[in-house]
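K.L.:
Have a look at this one before I ask anything.
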Amino acid sequence: MFLVKEKTLNDVNLLSIISRHFYAKPHQDKSKSTGFALIYDTLDFAKKFEPRYRLARQGVVEPKKVARKQRKDRKNRMKKVRGTKKAAVKDSKKK
Numbered sequence: 001m002f003l004v005k006e007k008t009l010n011d012v013n014l015l016s017i018i019s020r021h022f023y024a025k026p027h028q029d030k031s032k033s034t035g036f037a038l039i040y041d042t043l044d045f046a047k048k049f050e051p052r053y054r055l056a057r058q059g060v061v062e063p064k065k066v067a068r069k070q071r072k073d074r075k076n077r078m079k080k081v082r083g084t085k086k087a088a089v090k091d092s093k094k095k
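For the sequence shown, full-length UniProt numbering begins at 1 and goes up steadily by one.
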């Protein structure tokens, strides 16, 4: 994660850099805003380090399409067990 200022953005060649901007919060006098961004050299690095939901939001990967019924059944199966056994229930497939 890099803190990026507008001055440094003009100096750096940004043609090959992929960036993810999160927020820009304006200050009280609205003359300046602050925020942060994640900058990656290539799209492959972004795919490696970014969470899948963020990549899906950007349109880089296809979002998971799991039926609502399947999500609810999985949640209810996990409620029945405690502790480390939840991992086994989470990964198990119904036969």
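Glycine included, each C-beta is placed from N, C-alpha and C at the ideal position.
Can you tell me whether K86 is helix, strand or coil according to DSSP?
P.N.:
Here the question's residue 86 lines up with position 86 in the sequence shown. K86 falls in the helix class under three-state DSSP.
K.L.:
In angstroms with no decimal places, state the Cα-to-Cα distance between V89 and K30.
P.N.:
As a working mapping, residue 89 is identified with position 89 in the sequence shown. As a working mapping, residue 30 is identified with position 30 in the sequence shown. The alpha-carbon atoms of V89 and K30 are separated by roughly 51 angstroms.
K.L.:
Taking the beta carbon of E62 as the centre, do at least 16 other beta carbons fall within 10 Å, making it buried, or is it exposed?
P.N.:
In the sequence shown, the residue the question calls residue 62 occupies position 62. With fewer than 16 Cβ atoms within 10 Å of its Cβ, E62 is classed as exposed.
K.L.:
Let me make sure I understand the geometry here. Which of F49, F45 and A24 has the alpha-carbon closest to that of F36?
P.N.:
Your numbering for residue 36 matches position 36 in the sequence shown. Cα-wise, what sits closest to F36 is A24.
K.L.:
Is K75 helix, strand or coil when you go by DSSP?
P.N.:
As a working note, residue 75 is residue 75 in the sequence shown. Correct three-state label for K75: helix.
K.L.:
According to the neighbour-count rule (16 or more other Cβ atoms, all chains shown, within 10 Å of its Cβ), is residue 96 buried or exposed?
P.N.:
Past the boundaries of the shown model lies residue 96; the chain is included only from 1 to 95, so the question cannot be answered.
K.L.:
Output the boundary residues of the beta strand (DSSP E) element that contains A67.
P.N.:
Within the sequence shown, the letter at position 67 stands for residue 67. Run containing A67: none; DSSP gives neither H nor E here.
K.L.:
For the beta strand (DSSP E) containing S31, name the first residue and the last one.
P.N.:
Taking the first residue of the sequence shown as position 1, residue 31 is located at position 31. Looking at the DSSP string, S31 is not in any beta strand (DSSP E), and its letter there is neither H nor E.
K.L.:
According to DSSP, simplified to helix, strand and coil, what is K80?
P.N.:
Start at 1 with the first residue of the sequence shown, and residue 80 comes out as number 80. K80 falls in the coil class under three-state DSSP.
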